[in-house]
Amino acid sequence: MTAPTPFVNSLRTQGEPISLGSPSASVLHLRAQVLEAWDAIRIDADPSASVKSLKELALKKLYPDGSNENEYVVKLHGFEVLDEDAPISSTAATNGSIFVITDRRRRPVE
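Numbering follows our numbering, with no gaps: position 48 of the sequence shown is 49.
Below, the structure is given as structure tokens:
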């Protein structure tokens, strides 16, 4: 039995959810938001998928022209995820969690 999609995942997102990892019985319904793009996507992730793969997927979808993934950090609940190679299940992510992807270095407002 799969959990229902959390309400937060339907707010200000474009299109259908994108699958991450292999299909499994337990799917996490997540949201990835790239702050500089002012946009978010819904992701149905396999809990064993890495945080790094989530970041790469979000950047590819929201920055199609390409960007250096090493210039961005992933945050969950306001804290940086230090080990991006770790599976999503090893983080504090639950159904409906929002991963924020932002520049590693703060930039001045122009």
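Cβ coordinates follow ideal geometry from the N, Cα and C atoms, glycine included. Please read all numbers here as calculations on a predicted model, not as lab measurements.
- In this structure the segment 88 to 98 lies against the segment 37 to 53, because at least three pairs of beta carbons, one per stretch, are closer than 8 Å.
- Excluding five sequence positions before and after Ser27, the CB atoms of its chain that fall closer than 7 Å to its own CB belong to Pro48, given in chain order.
- For Ser54, the enclosing alpha helix (DSSP H) covers residues Val52 to Leu63.
- Annotated as proximal: Leu21 and Ile44, with beta-carbon spacing under 7 Å.
- Assigned with DSSP and collapsed to three states, Ser27 falls in coil, not helix or strand.
- For the pair Glu70 and Glu57, the CB atoms are nearer than the 7 Å cut-off.
- With contacts defined by Cβ atoms closer than 7 Å, Ala59 and Ile99 do not form a contacting pair.
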